[in-house]
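Peer 1:
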Amino acid sequence: MKCVNVLLPLHVEQLYTYLVPASLNDRVMPGYRVTVPFGKSKTYTGIVIEVEERATAVGLKEVTGMLDEHPFVSAQQMALWQWISSYYICFAGDVLRAALPSGLQWDKAEPFSPITERYIRCTLPPFEGVLTTKQSQLLSILSNTNKPEEGIARKNLVKMPEGSEAILSALLKKGAAEAFERVVPPQIKFEEKRHADPIPHLDENQALAIKAISDATSQQKPALLYGVAGSGKSVVCAHLIHKALQSGKQVLYLIPDAKATSYSIARLSRYFGNRTVVYHAKTTQRDRLNLWSVLSAGNTEPLLVIGVHSALFLPFTNLGLIIVDEEHNDSYKHSASAPRYHARNVALMLAKLHNADIILNSTAPAIESYSHALSGKYALAELGNRYNSAPIPTIHIENSVELRRKKIQKGLFSPLLLTKMEQAFATKQQVVLFHNRKHYARILECNECGWTPVCSLCQVALPYAKQKNRLICSYCGNGYPLPGACPSCGGETKLKGVGTEQIEDEVQALFPDLRIARMDSETVTSEQPFFAMVDEFNMGEIDLIIGTQMIVGNIDFARVRLVGVVNGDLLLNVPDFRAHEKAFQTLTQLAGYAGRDGNPSDVVIQAAQAQTPLMQAVKEYDYARMYALQCDERKQYDYPPFTRLIRILLSGANEAMLFVVAQEYHRLLTAKLGSRVSGPVEMPVREGKYAAPTLVFLLKIEASASFVSVRSVINGIYATASTEIAGFKKLKIVYDVDPV
Ligand SMILES: [Zn+2]
Ligand SMILES: [Zn+2]
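In my numbering, the protein residues as written are 1070 to 1809.
Spelled out as C-alpha cells, the structure:
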C-alpha cells in the first residue's frame, strides 16, 4: 500500500504517515502539498517528504487532497530545510513555517484563492434590440476581438475611446453584454519596464576584483569582496549580476533589512529594472504568492531578486549567483523564533545546493568570514581605494577625557567637532551625528580616565544589575562588587548615559537656525518616518541628523560633509565579546556616509578610549590590525572563530523550580561537555518573549567539531534530562546556535 510521510507545520520532530487513496496513487510525489486530517477534527496542509510502500496500513488515516499540479517544494529546498533543522537544532516543522510565505493557510484545507479579474463579453445569441450609436460601437469592439468568448478586461474596456462607465452599464443592463470573473495566471511583479542604464566601466582595481572572484567561483569557492565605502563594490556586483542574467540565471541579492532596500533598489534597478523583483516585509502577500507560484511551476527565466532573509526560501529553479550585501550585519541573524538561523550561513548552503556562485560583500567583514578568507576557504577580493580616486574621509579621534581635564571641552562637543560643524553649516553642507544607545544594561565608567570594568574570565564589559547592586557578567554569571574609586586612576566612577534628546537640545542652543531631525526609537517607530526623514535630508530640508544605531547601514545619504560620534566609548563598553569588532564596523560604515559626493570630508569620534589600539585602527581604516587584535583576544578566551557558540535558554513560570531544574541540567551538561559549559546566568528581566524567568547557558564548542555530533550530544542530554529530571519537560528550552 502506498503511504506518504508528511511534514506538518507543527513544533515537533517527526513526520506523519498517511495512506494514499487510489485516486491519488499515480500523482503523489515528494514536494507536493497534501491536505490531511489531524487529531479529532483538524485538517492541515503538509508537504510530502517521502513516498513508501507498506505491507499494512492499519490505523493510518488517508490523505484527503492534493493541492498542486507540480511539486510545490523542490528537492533542493527540502535539503536546505533539513540542513537548517540539523545545524540550528530545531524542528523541521518550525523550518517549514518560516520557509513558506505567509498567506498559505496551513490549518485549513484550502490553497490560497486564485486572483480573478472582471471581464466583459457580448452575449449569445447576439443582441437584436435597439442600441444608441455609442453603445453599438462598444459592442462591436467586443464582438470583433479575436476570441469574443474570452472577452476584454473591464478596466481596459472602459478606458478605450469608445468606452465609458455609462455606455458599458447600459450594454449590461440591456443584456447585450455580460460580465464574468476570469482567473488571472500568477505573474511576477517586476520593478519597472524602462530601458536599463549602462553599467559604469570597471577601473583597474575593480577589474582585478572581478578576476579574483571569477577564479574563486570557478573552483566553487565563496568570494569575500571587501572595500571601504565608496570603493565601487556595487559596480563590481552589477557586472557580476549582469553576467549571470546574460547567461540566463536567477540571481539573489540579499540585504540585511528593509532599511537597505531603497538604496539597493535605487542602485540596481537602474541597470536591471525590468528583471528586478523585490521581496521583503512590504511586498504584498499576493505578490509573494505569485512569485512562489511562478517559480515553483518551473519558470527558469533570468531575474534578480532583491530580498531580506525570507527570500532564501524561494523555490529558485535556476539560481546562478547569490550576493550577500553587508555580510557582517547582525540583522542577518534571525533570533526571535525558531529556526534561529544566520542568513549568511544559509545563503552559503543554498549556493552549494544549487552549485551557484556566492559573494559576501562588506565594508568591514565579519571576523569569521575574514578568517575563512585568510585560511583559503574563501577567496579574498579587495578594493583598496575609493572609486574614481575620491578622497576617503579623514577620521579624527578626540580624547574626551583629556579635553575635559584640561577644561578645553565644556559641553558635549569638542572644539574640533564644533569647528567642523560650523564650517559645514556655513557652506550649506550636511552633518550626521551618531549616538549609540543600544544598551543591554547600564555600564559603569570612570569620569577621569574612561576606565570600564570587565569580567576577568570572559573579557567583556560588565553591566550593572540594579536589583543586586552588583556588576554581573552576562556570559558566565560571575558577580563583582561596585568599585568605590577607579582602580586605574583613583577617579570617580559613574553609571553613564546621555540621550539623543540632550544632544539635540545642545546643538539647537549652539545653532538656533539649524533644521535638525532626530532618529531614535522615540521619533521613528516604523519604516515610514524613517524613509521620510532620509528623503527630507537628501532634499536639503534638514541640515543635521542625530541618529542612533538605526542610521548605521546602507542608507543613501548623498551630501554629508561631516560625521560626528558623540561618545565612541558607548560602542566599546558593550557586554559582548564582539563589541570591538562591531565598533570598528559601525564606525567605518558611518565614516562611509561622509564625502560621497567626492568632496573632502571629516569624521570626528569623541572617546575616552582614544588611545586604544582599536581606535587607532579605526583612524587608519586598518581592518587587518583590528582583526589581529581581536584574534589574539578570542583565541585566549575561546571565542569564535576559534570556537562555535551555542546558547541554551531555559525558562519557566515557576522561578524556584527553574533554578532547581537548571542545576540538575547543568550537571548533565558538564558531565558530557566539561569546561565547554558556562553559566547559567539569569537573563535580565525583559518584556515580551523573555517575560518568564530565564536562565542562559553558553557552550563553547571547538570549531573543528562536526555539528552533527554536537547536535547528537545535545539531543542526548535533552533525552536524559527529560527522563531523569522531575519538572524538566515543563520548562521551555531554546537552542541558539551561533548567537550574535
Ligand atoms: Zn579612572
Ligand atoms: Zn564572565
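Cβ atoms here follow ideal geometry from the backbone N, Cα and C, with glycine treated the same way.
No experiment lies behind these values; they were computed from the predicted model shown.
Can you list, in chain order, the stretches of the alpha helix (DSSP H) that have 4 or more residues and sit fully within the segment 1502-1579?
Peer 2: If we require 4 residues or more, the alpha helix (DSSP H) runs fully inside the segment 1502-1579 come out as 1569-1579.
Peer 1: Note the first and the last residue of the continuous beta strand (DSSP E) segment covering Thr1345.
Peer 2: Note, Thr1345: beta strand (DSSP E), Thr1345 to Tyr1348.
Peer 1: Counting pairs of Cβ atoms below 8 Å between the segment 1384-1399 and the segment 1116-1127, do you hit three or more?
Peer 2: These segments do not touch.
Peer 1: Would you call Leu1323 buried or exposed, if buried means 16 or more other Cβ atoms sit within 10 Å of its Cβ?
Peer 2: Buried: at least 16 other Cβ atoms inside 10 Å.
Peer 1: Beta carbon of Gly1010: closer than 7 Å to some heavy atom of ligand 1?
Peer 2: There is simply no residue 1010 to check, as the chain begins at 1070 and stops at 1809 in what is shown.
Peer 1: Nearest to Ser1283 by alpha carbon, out of Tyr1549, Glu1724, Leu1718 and Ala1450?
Peer 2: Nearest of Tyr1549, Glu1724, Leu1718 and Ala1450 to Ser1283, Cα basis: Ala1450.
Peer 1: Could you tell me the alpha carbon to alpha carbon distance between Gly1661 and Asn1430, rounded to whole angstroms?
Peer 2: Roughly 15 Å separates the two Cα atoms.
Peer 1: With contact counted as at least three CB pairs below 8 Å, one residue from each stretch, are the segment 1136-1146 and the segment 1391-1404 in contact?
Peer 2: With the cut-off at 8 Å, the segment 1136-1146 and the segment 1391-1404 do not touch.
Peer 1: Is the beta carbon of Asp1426 closer than 8 Å to that of Gly1389?
Peer 2: Yes. Within cutoff.
Peer 1: Hey, is Cys1545 close to ligand 1, as in C-beta under 7 Å from one of its heavy atoms?
Peer 2: Checking the Cβ of Cys1545 against ligand 1 gives no.
Peer 1: Distance check for Gly1559 and Pro1325, CA to CA, integer angstroms please.
Peer 2: Distance between the alpha carbons of Pro1325 and Gly1559: 44 Å.
Peer 1: Only counting runs of 4 or more residues, tell me where the alpha helix (DSSP H) segments fall wholly within the segment 1707-1789, in order along the chain.
Peer 2: List check, alpha helix (DSSP H) in window: 1724-1742.
Peer 1: Any contact between the segment 1075-1095 and the segment 1161-1170? By contact I mean 3 or more CB pairs, one from each, below 8 Å.
Peer 2: These segments touch.
Peer 1: Any contact of the segment 1287-1295 with the segment 1239-1259, i.e. 3+ C-beta pairs under 8 Å?
Peer 2: Short answer: they don't touch.
Peer 1: Would you check if the distance between the CB atom of Ser1775 and the CB atom of Pro1408 is smaller than 8 Å?
Peer 2: Contact: no.
Peer 1: How big is the Cα-Cα spacing for Leu1727 and Gln1536?
Peer 2: If I take the Cα positions, the gap works out to 19 Å.
Peer 1: Return the Cβ separation of Met1588 and Phe1599 in integer angstroms, given the expectation that the two are a contact with Cβ distance under 8 Å.
Peer 2: Sure, about 7 Å apart at Cβ, within 8 Å.
Peer 1: Could you give the DSSP three-state label for Lys1801: helix, strand or coil?
Peer 2: Strand.
Peer 1: Any heavy atom of ligand 2 closer than 7 Å to the Cβ of Cys1159?
Peer 2: Cys1159 Cβ: outside cutoff for every heavy atom of ligand 2.
Peer 1: Can you give the beta carbon distance from Ile1436 to Pro1710, rounded, assuming they're within the 8 Å contact cut?
Peer 2: Between Pro1710 and Ile1436 the Cβ distance is about 6 Å, and since that is below 8 Å, they are a contact.
Peer 1: Who are Gly1480's beta bridge partners in DSSP?
Peer 2: DSSP output for Gly1480 lists no bridge partner at all.
Peer 1: What residues in its chain sit with their C-beta under 7 Å from that of Tyr1187, if we drop five residues either side in the sequence?
Peer 2: Reading the sequence as shown, one finds Arg at residue 1187 and not Tyr. These residues qualify, in order along the chain: Arg1223, Ala1248 and Glu1250.
Peer 1: Under the criterion of a Cβ to heavy atom distance below 7 Å, does Leu1472 qualify as lining ligand 2?
Peer 2: No, since every heavy atom of ligand 2 falls outside the 7 Å radius drawn around the Cβ of Leu1472.
Peer 1: Would you list the residues sitting across from Val1117 in a DSSP beta bridge?
Peer 2: Answer by DSSP bridge pairing, in chain order: Val1075.
Peer 1: With a cut-off of 8 Å, do at least 3 Cβ pairs link the segment 1685-1704 to the segment 1298-1307?
Peer 2: The segment 1685-1704, when compared against the segment 1298-1307, does not touch it at the 8 Å Cβ threshold.
Peer 1: Shorter than 7 Å, the distance from the beta carbon of Thr1526 to the closest heavy atom of ligand 2, or not?
Peer 2: At residue 1526 the sequence reads Leu, which differs from the Thr that was named. Yes, the beta carbon of Leu1526 sits closer than 7 Å to at least one heavy atom of ligand 2.
Peer 1: How about Cys1072: is its Cβ closer than 7 Å to a heavy atom in ligand 2?
Peer 2: No; taking the cut-off as 7 Å, the Cβ of Cys1072 has no heavy atom of ligand 2 nearer than that.
Peer 1: Does the beta-carbon of Asp1671 have 16 or more other beta-carbons within 10 angstroms, so that it is buried, or is it exposed?
Peer 2: That one is buried.
Peer 1: Between His1508 and the rest of its own chain, which residues show a CB-CB distance below 7 Å, the 5 nearest in sequence each way excluded?
Peer 2: Its pLDDT being 47, under 50, His1508 is placed unreliably in this model, and the coordinates cannot settle the point.
Peer 1: For the beta strand (DSSP E) containing Ala1586, name the first residue and the last one.
Peer 2: Ala1586 -> beta strand (DSSP E) spans Ile1585 to Met1588.
Peer 1: Around the C-beta of Glu1197, are 16 or more other C-beta atoms found within 10 angstroms, so that it is buried, or is it exposed?
Peer 2: It is exposed - the Cβ of Glu1197 has fewer than 16 other Cβ atoms within 10 Å.
Peer 1: On the CB-based measure, 16 or more other CB atoms within 10 Å of its CB, does Ser1469 come out buried or exposed?
Peer 2: Buried.
Peer 1: For a test of your reading of the model: does the CB of Trp1150 fall under 7 Å from any non-hydrogen atom of ligand 1? Yes or no.
Peer 2: No, ligand 1 has no heavy atom inside 7 Å of this Cβ.
Peer 1: Below 6 Å CB to CB, which residues in the same chain sit around Ser1688 once its five sequence neighbours on both sides are set aside?
Peer 2: Rather than Ser, the amino acid found at residue 1688 in this sequence is Lys. If we look at Lys1688 and ignore the five residues flanking it on each side, its Cβ neighbours are Ile1464 and Ile1466.
Peer 1: So that I know if they touch, is there some Cβ in chain D lying closer than 8 Å to that of Leu1200?
Peer 2: The structure shown contains no chain D; it is built from a single protein chain.
Peer 1: So, helix, strand or coil for Asn1468, using DSSP?
Peer 2: Reduced to three states, the DSSP call for Asn1468 is strand.
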